[in-house]
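Chemist: If you use the numbering used here, the sequence shown closes out at 341, no skipped numbers anywhere.
For every residue, glycine included, the Cβ atom is placed at its ideal position computed from N, Cα and C.
A quick note: this is a predicted structure, and the numbers were derived from the prediction, not measured.
Before anything else, here's the structure in question.
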Amino acid sequence: MPFDKDEILPAVQALYDALDPHKLKDLDHAIARWKGKPTALLQVMHVAQELFTWLPEGALERISRGLDLPRAQVYGFATFYDHFYTDGPARNTLRICQSISCYLRGAPDLIAAARKELGIKPGEITQDGRVRFECVSCLGQCDGGPSVSINDEPQHEVTPDKLRKLIRDLK
Numbered sequence: 171m172p173f174d175k176d177e178i179l180p181a182v183q184a185l186y187d188a189l190d191p192h193k194l195k196d197l198d199h200a201i202a203r204w205k206g207k208p209t210a211l212l213q214v215m216h217v218a219q220e221l222f223t224w225l226p227e228g229a230l231e232r233i234s235r236g237l238d239l240p241r242a243q244v245y246g247f248a249t250f251y252d253h254f255y256t257d258g259p260a261r262n263t264l265r266i267c268q269s270i271s272c273y274l275r276g277a278p279d280l281i282a283a284a285r286k287e288l289g290i291k292p293g294e295i296t297q298d299g300r301v302r303f304e305c306v307s308c309l310g311q312c313d314g315g316p317s318v319s320i321n322d323e324p325q326h327e328v329t330p331d332k333l334r335k336l337i338r339d340l341k
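Set out below in C-alpha cells:
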C-alpha cells in the first residue's frame, strides 16, 4: 500500500519514541545545518554519536529521512567506519593504538592485558556495558607510545599494570 513520503509509519515512530526528544531536536538542527553540503552525512553522524554515544536505529532513520538519503547508504556509512558505533552504548571507550610505532613500543602487551582484564576482544563491549574496547590505527601520540585513550582522554606512560588499574577504576 503506497504512502505519502512524509507520512511516518508506526514502526518508524516507535524508533523515534525510544530516543530522548531533546536529543532528537538537536539532531534535527544538525541535519538542517548540514543538509545539501558535501560532508553532510559525516558531520551529522558525528553529531548523532555525540548526542547518543552510539548510533541507534532511530537516529539512523532520522538522518536518512532528514538528508533524503537511502537508509542502506546511511547504515552502510555507519558500519563502514570504526569510530561509529551501531551495537549499543558503553559507558567508557578504551582505545589502544596498534600502528607500527606503538606496536614496537609495547602495544601487543597492552592489548593482551586489556583482553584479559576485560574478558573481551577488541571491537567488543563488556556484558555490563561498562567498557568498549578498540584497537585503532593511530591516536596521534606516536612520540609517547604505546598510545592509549580512555573516553578520548590520552593516557601517558601506560604499562600493562597501569592499564589494568585504569580499567578497574572505570565506573
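Beta-carbon within less than 7 Å of S271's beta-carbon, same chain only, minus the 5 sequence neighbours each way: which residues are those?
Modeler: Here residue 271 refers to the residue found at position 101 when the sequence shown is read from its first residue. Hits under 7 Å: C312, G315.
Chemist: Using a 10 Å radius around the Cβ and a threshold of 16 neighbouring Cβ atoms, would you call R265 buried or exposed?
Modeler: In the sequence shown, residue 265 corresponds to position 95, counting from 1. Looking at its Cβ environment, which holds 16 or more other Cβ atoms inside 10 Å, R265 is buried.
Chemist: Taking Cβ positions only, does E327 come closer than 8 Å to chain B?
Modeler: Annotation note: the requested chain B is absent from the structure, which comprises a single protein chain.
Chemist: Quick one: Cα of N321 to Cα of T263, how far?
Modeler: For the purposes of this step, residue 321 is taken as the residue at position 151 of the sequence shown. For the purposes of this step, residue 263 is taken as the residue at position 93 of the sequence shown. Each residue's alpha carbon lies about 5 Å from the other.
Chemist: Measure the CB-CB distance between D246 and L189 and report whether it falls below 8 Å.
Modeler: For the purposes of this step, residue 246 is taken as the residue at position 76 of the sequence shown. For the purposes of this step, residue 189 is taken as the residue at position 19 of the sequence shown. Checking the sequence shown, residue 246 turns out to be Gly, not Asp. It is not a contact, given that the beta carbons lie outside the stated cut-off.
Chemist: Per DSSP, what kind of secondary structure is Q325 in: helix, strand or coil?
Modeler: If you number the sequence shown from 1, residue 325 lands on position 155. Q325: strand per DSSP, three-state reduction.
Chemist: Let me check understanding here. Comparing Cα to Cα, which of D331, D198, L336, P330 lies closest to E323?
Modeler: Stepping through the sequence shown from its first residue, residue 323 is reached at position 153. For E323, the nearest C-alpha among the options comes from L336.
Chemist: What runs of the alpha helix (DSSP H), each 4 residues or longer, lie entirely inside the segment 219-255?
Modeler: The qualifying runs are 227-237, 241-250.
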